[in-house]
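The sequence shown begins at 1 in UniProt numbering and counts up by one.
To keep things clear, I will list the structure first and then write my remarks on it.
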Amino acid sequence: MKFFIDTANLTEIKEANEYGILAGVTTNPSLVAKEGVDFHTRLKEITAVVSGSVSAEVIALDFEGMFKEGKELAAIAPNITVKVPMTTEGLKAVRAFTDIGIKTNVTLVFSAVQALLAARAGATYVSPFIGRLDDIGQNGLDLVSEIAEMFFIHNIETEIIAASVRHPMHVHEAAMKGAHIATIPFKVINQLVKHPLTDQGIEKFLEDWNNQK
Ligand code: E4P
């Protein structure tokens, strides 16, 4: 499983990129709005730092609007992936983007059949939202398993991005259940690195080193 970061914050992206583990970035309108910056300028900045896929979401809800916006986003850099919501208009847009060679990430996926539809429309990625399902008392990770199994049975190459990740166990389980990628908030990436026994071990090694005769 690969790691994406789920943020539009440039400092976080630069820092995570230096860890050497970053394969891509996902943004969404809420994350961009939080930064209070111009969307296209920020995408240019992000794509200058990260060479992997950078998802940029369309705001339009109709096919024509999505297609126009998505083409403008894709023109910013070759590694832009156009993020499209899981709707009938979104599916039309995914097909049209696929036909002209633009990569897509179908977002707000909450069922395995939605993922299958997105894949058949040509989606490069599908993003099941784990945390938001957990929030309403459904098991988000079960959805990841179902999609992984369905894509395996039908030999589908669309990659699964486990999204709406809230804590380290989501990441561990997403990897075990067959997600190709997890897109993770910066705070959770750092939580994944930490283990109290690692910290204790470093402390003890240093103590012994400094106390040698
Ligand atoms: C994924 O691409 C989304 O940006 C994101 O994971 C949504 O997460 P949230 O449910 O924490 O807002």
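Don't be surprised by glycine CBs; every beta carbon is placed ideally from N, CA and C.
{"Check": "Start-to-end residues for the beta strand (DSSP E) that takes in residue 198", "Outcome": "Segment 196-210 is the alpha helix (DSSP H) holding residue 198; no beta strand (DSSP E) there."}
{"Check": "Stretch-stretch touch, CB-based, cutoff 8 angstroms, three pairs: the segment 146-157 with the segment 168-184", "Outcome": "yes"}
{"Check": "Local conformation of residue 3 per DSSP, three classes", "Outcome": "strand"}
{"Check": "Three-state secondary structure (DSSP) of residue 98", "Outcome": "helix"}
{"Check": "Continuous beta strand (DSSP E) assignments of at least 3 residues falling wholly in the segment 8-81", "Outcome": "22-26 and 53-57"}
{"Check": "Check whether residue 163 and residue 130 have beta carbons under 8 angstroms apart", "Outcome": "yes"}
{"Check": "Where residue 105 falls: helix, strand or coil (DSSP)", "Outcome": "strand"}
{"Check": "6 angstroms Cβ shell around residue 132 - same chain, five flanking residues per side excluded", "Outcome": "164"}
{"Check": "Secondary structure of residue 127, DSSP reduced to three states", "Outcome": "strand"}
{"Check": "Distance, residue 209 Cα to residue 12 Cα", "Outcome": "34 angstroms"}
{"Check": "Straight-line Cα distance separating residue 166 from residue 19", "Outcome": "20 angstroms"}
{"Check": "Per-residue burial, residue 274 [other beta carbons within 10 Å of its own, 16 or more giving buried]", "Outcome": "The question about residue 274 has no answer here: the residues shown for the chain are numbered 1 through 213."}
{"Check": "heavy atom of the ligand E4P below 7 angstroms from residue 190 C-beta", "Outcome": "no"}
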